[in-house]
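A.B. asks:
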Amino acid sequence: MILRKLLHPVILLSAVAMLYTGCGRKNISFIYLPPHVAVFTGNEPVPDDGTASASAMYIDVYIPTQDVGYVFNYLLPGNAAYALSLPEQRHIPLEQITDICVRPLSAYNSRYAALDDMSATCSFSVLQDQSSTISKDSLLNYRNSFMDEGLYTRFRIWLNESPSDISKQQFIVELITTDDARLADTTQTITLKP
Numbered sequence: 024m025i026l027r028k029l030l031h032p033v034i035l036l037s038a039v040a041m042l043y044t045g046c047g048r049k050n051i052s053f054i055y056l057p058p059h060v061a062v063f064t065g066n067e068p069v070p071d072d073g074t075a076s077a078s079a080m081y082i083d084v085y086i087p088t089q090d091v092g093y094v095f096n097y098l099l100p101g102n103a104a105y106a107l108s109l110p111e112q113r114h115i116p117l118e119q120i121t122d123i124c125v126r127p128l129s130a131y132n133s134r135y136a137a138l139d140d141m142s143a144t145c146s147f148s149v150l151q152d153q154s155s156t157i158s159k160d161s162l163l164n165y166r167n168s169f170m171d172e173g174l175y176t177r178f179r180i181w182l183n184e185s186p187s188d189i190s191k192q193q194f195i196v197e198l199i200t201t202d203d204a205r206l207a208d209t210t211q212t213i214t215l216k217p
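Counting in my numbering, the sequence shown runs from 24 upward without gaps.
#1: Can you tell which of 174, 203, 212, 84 has its C-alpha closest to the C-alpha of residue 189?
#2: Mark residue 83 as exposed unless 16 or more other C-beta atoms lie within 10 angstroms of its C-beta, in which case mark it buried.
#3: Between the segment 52-60 and the segment 156-164, are three or more C-beta pairs nearer than 8 Å?
#4: What are the boundary residues of the beta strand (DSSP E) that includes residue 83?
#5: Within a Cβ cutoff of 6 Å, which residues of the same chain sit near residue 195, ignoring the five residues on either side of it in sequence?
#6: Can you give me the Cβ contacts of residue 193 inside the same chain, cut-off strictly under 6 Å, excluding the 5 residues immediately before and after it?
#7: Run through DSSP, which three-state label would residue 144 get?
#8: In angstroms with no decimal places, state the Cα-to-Cα distance between residue 168 and residue 131.
#9: How close, in whole Å, do the beta carbons of residue 182 and residue 75 come, if the pair is a contact with beta carbons under 8 Å?
#10: Identify, in the order they occur along the chain, each residue of the same chain with its Cβ nearer than 8 Å to the Cβ of residue 54, setting aside the five sequence neighbours on each side.
#11: Ignore the nearest five residues each way along the sequence and tell me which others in residue 146's own chain have a CB closer than 8 Å to its CB.
#12: Can you look up residue 160 in the DSSP assignment and give me helix, strand or coil?
#13: Are there 16 or more other CB atoms within 10 angstroms of the CB of residue 25, so buried, or fewer, so exposed?
#14: How is the beta strand (DSSP E) around residue 116 delimited, first residue to last?
#15: Report the residue from 175, 199, 37 whose alpha carbon sits nearest the alpha carbon of residue 122.
#16: Following the continuous beta strand (DSSP E) through residue 55, name the residue where it begins and the one where it ends.
Here it is in structure tokens:
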């Protein structure tokens with residue numbers, strides 16, 4: 024009987040502590056790192072100094088992220104217990120990507136000289152096929168359901184204009200953030216056919 028009277032407050036305090044430490048989603052803040060880009064045809068990367076047709080190639084873009092903060096709001100011993108943590112956490116970027124630029128390193132055609140931004144004529148896709156492409160503005164406004172607020176970290180860029188003739192090409196993919204940071208990478212050199 025005495026044990027039962029002592030056990031009730033202990034159980035009640037334990038339940039309150041579990042509820043207190045497990046309530047509320049904890050946000051994970053992250054930053055975008057410079058992207059990794061490569062030219063592909065089909066599912067295969069084009070080798071350095073390889074040849075590709077402009078209509079069959081795409082630029083695969085992967086944007087790595089780095090977590091910069093994970094904060095526990097409460098300083099109770101139960102915070103570290105996995106059973107008391109919530110399974111769903113929000114990934115919130117510290118800054119948004121506001122623009123994507125695609126620049127050829129050498130003259131592309133009569134419309135685009137070296138280093139001109141040709142992203143307005145490109146199509147973008149977050150899926151693996153070209154049939155579901157979207158515009159640059161749609162991609163920038165598209166929200167990744169996993170990351171709540173951020174841009175998709177893997178997408179493809181399809182060139183909608185052909186080069187004027189066969190030429191060696193490299194492309195710079197540049198991401199511009201709200202803080203005017205510029206994250207960029209350059210593709211491998213390829214021989215691009217119209």
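Ideal Cβ placement from N, Cα and C applies to all residues, glycine included. These numbers were taken from a predicted model, which means no experiment stands behind them.
C.D. replies: Based on what the coordinates show:
#1: From the listed residues 174, 203, 212, 84, the smallest Cα separation to residue 189 is found for 212.
#2: By the neighbour-count criterion, in which a residue is buried when 16 or more other Cβ atoms sit within 10 angstroms of its Cβ, residue 83 is buried.
#3: They do not touch, by the three-pair rule.
#4: 80-85 is the extent of the beta strand (DSSP E) around residue 83.
#5: Same-chain partners within the cutoff: 126, 207, 209.
#6: Correct list, in chain order: 128, 209, 210, 212.
#7: Three-state DSSP puts residue 144 in a helix.
#8: Residue placement at residue 168 is poorly supported in this model, since its pLDDT is 47, which falls under 50; the coordinates are not used for a value here.
#9: Their Cβ separation, rounded to whole angstroms, is 10 Å, which puts residue 182 and residue 75 out of contact at 8 Å.
#10: Shown here for residue 54: same chain residues with a beta carbon closer than 8 Å to its own, the five before and five after excluded, namely 88, 89, 91, 116, 117, 118 in chain order.
#11: Excluding residues within five positions, the ones whose Cβ falls inside 8 Å are 153, 156, 157, 158, 180, 181, 183.
#12: It is helical.
#13: Flag for residue 25 reads exposed.
#14: Looking at the DSSP string, the run of the beta strand (DSSP E) that includes residue 116 is 113-116.
#15: Check the Cα spacing between residue 122 and each of 175, 199, 37: the tightest is with 199.
#16: That run of the beta strand (DSSP E) goes 50-55.
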